Amino acid sequence: MAFAHRRDGRAALLYLLPAAVVLLALLAYPLYQLVVISLYDYGQPQASGAAPLLFLGAGNYVTLLSDPRFWEVLAATIVFAAVCVVGTLLVGTALAVLATRARPVPRTLLFLAALGAWATPTMAGSYVWLFLFDQDFGLVNEVLAGLGFDGMRGHSWTFERFSAFGLVAAEIIWCSFPFVLVTMYAGIRAIPGEVLEAAALDGASARRTATAVILPILRPLLMIATIQSIIWDFKVFTQIYVMTNGGGVAGQNLVLNVFAYQKAFAGEQYGLGAAIGVVMTALLLMITGLYVRAQRGAR
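The sequence shown: position 258 = 417 (the numbering used here), numbered continuously.
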């Protein structure tokens with residue numbers, strides 16, 4: 160038995176080896192270069208060869224961690240990503256449950272609408288939302304003003320900090336929930352009917368069945384959806400950059416990716432921008448690891 164198990168493990172490793180080589184080539188080397196650049200004073204003169212590289216060691220990290228602005232942007236990024244992840248999971252899961260109870264035609268229309276949102280390019284989706292919420296010609300302001308909310312006529316959704324963050328979060332949830340919807344719908348449909356019938360025969364209520372029967376079965380899928388959402392939403396760039404015009408008024412809507420872009424390209428501090436990228440990667444690995452460990456401990 161043990162020999163057969165080891166043989167199966169070796170066979171699995173051989174099958175995974177090509178994918179591992181590709182991942183190392185596409186991920187490990189760029190990450191290595193990111194770390195190397197973060198250790199140098201690397202600006203436009205160094206990039207063009209007009210000046211020699213100056214090794215700083217941890218200098219860029221010391222500069223970054225001693226900058227109060229970095230901590231403000233980090234806190235905003237964590238809160239913003241958490242809101243997007245929770246919103247995406249709630250909307251996607253709720254619609255997945257609705258889809259299992261809907262008739263074929265409404266269910267098909269729901270999936271077509273969801274997949275349409277998912278397939279929309281990020282740049283195009285961001286501009287569509289900006290047009291809908293435009294302060295002068297936006298449909299949302301016109302509808303709200305027509306319903307009696309006169310104060311919404313000419314209202315700017317991107318001027319105030321929390322309003323702008325909320326608008327971007329809504330757009331991210333809109334384009335992200337279809338992944339959760341499809342994943343959770345497939346998981347719910349795969350639950351054997353006998354399991355649900357047994358729970359009903361034992362007198363379990365609908366809430367008890369959902370929390371004690373369905374949720375534990377769906378936990379692996381929910382973990383995958385959560386990790387994917389954390390990765391996507393923590394490193395969001397396009398929506399923030401497009402919808403807040405580069406980070407909002409006086410940079411009030413900056414997140415780490417946009418902050419890194421400003422430091423690296425607008426400020427020509429490539430080493431400092433690379434250091435932000437390394438810190439982001441480390442934080443993502445830590446958050447993902449803690450979440451996976453918590454989910455395993457809950458089993």
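Backbone N, C-alpha and C fix where the C-beta goes; we use that ideal spot for every residue, glycine too. Only a predicted model underlies this, so the values are computations on that prediction, with no experimental measurement involved.
*Does the beta-carbon distance from T403 to T317 come in below 7 angstroms?*
Result yes, Cβ atoms of T403 and T317 sit closer than 7 angstroms.
*Is there contact between the segment 443-455 and the segment 208-215, where contact requires at least three CB pairs shorter than 8 angstroms?*
no
*Please determine if the segment 373-385 and the segment 344-357 are in contact, where contact requires at least 3 C-beta pairs separated by less than 8 angstroms.*
Yes, since at least three Cβ pairs between the segment 373-385 and the segment 344-357 fall closer than 8 angstroms, the two stretches touch.
*Express the C-alpha separation of Q421 and Q428 in angstroms, rounding to a whole number.*
Between Q428 and Q421, the alpha-carbon positions lie close to 9 angstroms from each other.
*Going by the CB atoms, is the gap between A276 and W333 shorter than 7 angstroms?*
yes
*Output the residue ranges of the alpha helix (DSSP H) runs that lie fully inside the segment 310-393 and measure 4 residues or longer, sorted by chain position.*
Complete alpha helix (DSSP H) runs here, min 4: 320-348, 352-360, 365-368, 374-393.
*Using alpha carbons as the reference points, say which of F338, G307, V354, S364 lies closest to T247.*
F338
*Taking the C-alpha atoms as reference points, what is the distance between G436 and F393?*
12 angstroms
*Given that a residue counts as buried once 16 or more other Cβ atoms are within 10 Å of its Cβ, and exposed if not, what is M439?*
buried
*asked:* Can you check which of these residues, V194, A345, L444, is closest to I390 by C-alpha distance?
replied: L444
*Note down the Cα distance separating G346 from L415, rounded to an integer number of angstroms.*
Put simply, the backbone Cα of G346 is about 34 angstroms away from that of L415.
_Sequence-distant residues of the same chain with beta carbon closer than 6 angstroms to A384, five excluded per side_ = V339, T342
*DSSP state of F296, grouped into three classes?*
Note: F296 maps to coil in three-state DSSP.
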